[in-house]
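A short worksheet on the structure shown next.
Residue numbers (my numbering), protein chains in the order written: chain A, 687 to 768; chain B, 687 to 768.
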C-alpha cells in the first residue's frame, strides 16, 4: 500500500516560505496572487496489505516523526500500489 | 480559484531526504518501509475566476519558479475556493 501524506502549516501560523514565493511570483509579473502556503508532500511505500492498517501506521508515523503537530496539520491518503 | 501544486522528484532522481526519513522511521521501529519520497506541496490563491486560466497561470508559475523541471515533475489541481 502507498500512503500519500500532506503536511501543512496550521491556519494562522506564519509561513515565511510561502510569503517569499508570493513575492517572487509578483516580481516575475504574476499579479494578484493573494496567498501562498507551502507544505510537504511525502509518499510512503508501506508493507501493510490492508488499507486500515496502512492508514493507522501512516498516522502513527506522522505523529511521531513527520509532522510537528504543534504547528502543522497532516492528512493521510491511502492508495493501491500502481 | 485555488491551485494545489504537487512537486515531486522525477523517478530515478536520488532523494536523500526521503532516504533519511526512511532510516529514521526504521530506527523508530517501523519495519518494512520500502521507499519514501519527499516532495513539495504548494497552495496558491489565484485571482483568476475560471478554471482554465487559473490552471494555465499555475502551470506557468511551476515552469518559471516553483519546479526545477530538469529533476522535478509537477502536478496542478484547481479547486473552487472554500
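We put the beta carbon where it would ideally sit given N, CA and C, even for glycine.
Hey, quick one: how far does the alpha helix (DSSP H) through residue i stretch, first residue to last?
{"i": "residue 711(A)", "result": "702-713"}
{"i": "residue 737(B)", "result": "737-747"}
Check the C-beta distance from residue i over to residue j and give it rounded, since I have them as a contact under 8 Å.
{"i": "residue 724(A)", "j": "residue 701(A)", "result": "6 Å"}
Chain A partners of residue i, CB-CB under 8 Å?
{"i": "residue 697(B)", "result": "In chain order: nothing, as chain A lies at least about 11 Å away."}
{"i": "residue 707(B)", "result": "728, 751 and 752"}
{"i": "residue 743(B)", "result": "716"}
Measuring CA to CA, which of the options is closest to residue i?
{"i": "residue 707(B)", "options": "748(A), 758(A) and 766(A)", "result": "748(A)"}
{"i": "residue 759(A)", "options": "713(A), 726(A), 688(A) and 712(A)", "result": "726(A)"}
{"i": "residue 738(A)", "options": "699(A), 703(A), 766(A) and 705(A)", "result": "766(A)"}
{"i": "residue 715(B)", "options": "735(A), 728(A) and 751(A)", "result": "751(A)"}
{"i": "residue 731(B)", "options": "764(B), 697(B) and 696(B)", "result": "764(B)"}
So the beta strand (DSSP E) residue i belongs to, where does it begin and stop?
{"i": "residue 753(B)", "result": "Neither: residue 753(B) is in no beta strand (DSSP E) and is coded neither H nor E."}
{"i": "residue 688(B)", "result": "688-695"}
{"i": "residue 718(A)", "result": "Where residue 718(A) is concerned, there is no enclosing beta strand (DSSP E), given that its DSSP letter is neither H nor E."}
{"i": "residue 759(B)", "result": "758-765"}
What does a CB cutoff of less than 7 Å around residue i pick up in its chain, not counting 5 residues either side in sequence?
{"i": "residue 762(B)", "result": "689, 691, 741, 744, 745 and 748"}
{"i": "residue 734(A)", "result": "687, 740 and 743"}
{"i": "residue 729(B)", "result": "688 and 690"}
{"i": "residue 696(B)", "result": "757, 758 and 759"}
{"i": "residue 755(B)", "result": "749"}
Excluding the 5 residues preceding and the 5 following residue i in the sequence, name in chain order all residues of the same chain whose CB lies nearer than 6 Å to its CB.
{"i": "residue 704(A)", "result": "722, 723 and 724"}
{"i": "residue 753(A)", "result": "693 and 760"}
{"i": "residue 699(B)", "result": "757"}
{"i": "residue 709(B)", "result": "none"}
Residue i touches chain A at which residues, Cβ-Cβ below 7 Å?
{"i": "residue 750(B)", "result": "714"}
Only counting the same chain, and skipping five residues up and downstream in sequence, which positions put a Cβ closer than 8 Å to that of residue i?
{"i": "residue 711(B)", "result": "719 and 722"}
Which chain A residues are close to residue i, counting only those with a beta carbon under 9 Å from its beta carbon?
{"i": "residue 729(B)", "result": "694, 704, 721, 722, 723, 724 and 725"}
Interface residues of chain B around residue i at Cβ under 7 Å?
{"i": "residue 747(A)", "result": "711 and 716"}
Give the interface partners of residue i over in chain B, defined as CB-CB distance under 8 Å, in chain order.
{"i": "residue 739(A)", "result": "Result: empty, since nearest Cβ-Cβ is about 12 Å, beyond 8 Å."}
{"i": "residue 700(A)", "result": "What residue 700(A) touches in chain B: nothing, since even the nearest Cβ is about 15 Å away."}
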